[in-house]
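Counted the way the numbering used here counts, the sequence shown spans residues 36 to 112.
A quick write-up on the structure given underneath.
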Amino acid sequence: MQERNDKLKEISNELNEHIMAVKGTLELLEASTSEEELSNLILKAIDRMETIQKLSNDMIVALKGCFDKIDELTKKE
Numbered sequence: 036m037q038e039r040n041d042k043l044k045e046i047s048n049e050l051n052e053h054i055m056a057v058k059g060t061l062e063l064l065e066a067s068t069s070e071e072e073l074s075n076l077i078l079k080a081i082d083r084m085e086t087i088q089k090l091s092n093d094m095i096v097a098l099k100g101c102f103d104k105i106d107e108l109t110k111k112e
């Protein structure tokens, strides 16, 4: 069970790392532009990346719950 938890945590950390890297790049690009339309699009992209990060964390939590339930059912048999 611990091995499964460690793997899920590793996946979650890796997803977050990549998402934060993209978000940081978009933030730098937004700060260096003066075109209003481009700036608005970049801000929307940053918001979407934040949502993706939250959803990926939620997905990992839900997946862990599924694995826990599978373990619980397997132990009953």
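A virtual CB, placed ideally from N, CA and C, is assigned to each residue, including glycine.
| Check | Outcome |
| --- | --- |
| Close-in-space but distant-in-sequence residues of the same chain around Leu43 (CB under 8 Å, 5 per side omitted) | Ile95, Leu98, Lys99, Phe102 |
| Classification of Ile105 by the beta-carbon crowding that lies within 10 angstroms, buried from 16 upward | exposed |
| Residue of Ser47, Ile54, Gln37 minimising C-alpha distance to Glu85 | Ile54 |
| At least 3 beta-carbon pairs within less than 8 Å: the region 62 to 81 vs the region 46 to 53 | no |
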